[in-house]
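Written below as structure tokens is the structure these notes are about.
In our numbering, the protein residues as written are 659 to 842.
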């Protein structure tokens with residue numbers, strides 16, 4: 659018998675966590691890992707653009723880490739008995755090193771920049787914003803439930819990485835970076 663994508667178990671607005679706990683689909687835990695999944699899709703969209711091979715490889719690594727992060731958020735911290743992969747401090751350090759490499763070749767930032775200038779750059783900014791939303795949802799979840807600090811740290815650093823990547827991709831595509839200069 660072939661595997662079916664649909665189970666019909668969520669037809670009444672609930673879903674199961676790893677560990678079997680049933681929650682309403684609007685629960686903050688579902689929002690947190692659902693937003694991580696959305697972020698992963700946007701990162702795939704950035705990766706599908708005409709960008710350098712190194713950036714593509716880094717984005718694939720990030721997508722792998724986001725699947726791991728999503729599985730950790732989708733597990734009931736009290737009932738799950740499955741062995742899950744982990745996100746580590748080394749994963750955060752990896753992002754920091756990639757940020758530093760890009761910063762070495764980018765012009766110094768003197769102002770905030772307006773998102774845009776090239777489709778690839780815009781996709782990267784959208785991914786950054788979704789990353790910040792995933793971080794906010796995860797922080798909200800952590801107010802009442804157990805969430806590993808490394809998850810929040812990774813999402814925070816990832817949004818920094820995506821911002822710097824947007825600047826690098828703007829430079830690579832000769833897109834103009836428009837500084838935001840507040841009218842005061």
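Ideal Cβ placement from N, Cα and C applies to all residues, glycine included. Since the model is a prediction, treat every value here as computed from it, not as a measurement.
Run through DSSP, which three-state label would residue 690 get? helix
What is the DSSP secondary structure of residue 771, counted as helix, strand or coil? strand
Is residue 824 buried or exposed, if buried means 16 or more other CB atoms sit within 10 Å of its CB? buried
Anyone know if the C-beta pair for residue 746 and residue 790 falls short of 8 angstroms? no
For residue 713, which residues in the same chain have their Cβ closer than 7 angstroms to its Cβ, ignoring the five residues on either side in sequence? 823
Status (buried if at least 16 other CB within 10 Å, exposed otherwise) for residue 769: exposed
Pull up the distance between the alpha-carbon of residue 837 and that of residue 728, whole angstroms please. 35 angstroms
Could you tell me which uninterrupted alpha helix (DSSP H) segments, each at least 4 residues in length, are contained entirely in the stretch 712-773, listed from first to last along the chain? 747-763
Using a Cβ-Cβ cut-off of 7 angstroms (strictly less than) and excluding sequence neighbours within five positions of residue 689, which residues of its own chain qualify? 795
Just to check my reading of the structure: residue 833 and residue 700 have Cβ atoms closer than 8 angstroms, yes? What is that Cβ distance to the nearest angstrom? Not a contact, Cβ separation roughly 18 angstroms.
Per DSSP, which residues does residue 837 bridge with? Please list them. 771
Can residue 697 and residue 788 be called in contact, C-beta distance under 8 angstroms? yes
Distance, Cα to Cα, residue 707 vs residue 717? 12 angstroms
Let me know if residue 813 comes out buried or exposed under the rule of 16 or more other beta-carbons within 10 Å of its beta-carbon. buried
Measuring CB to CB, does residue 815 end up less than 8 angstroms from residue 754? yes
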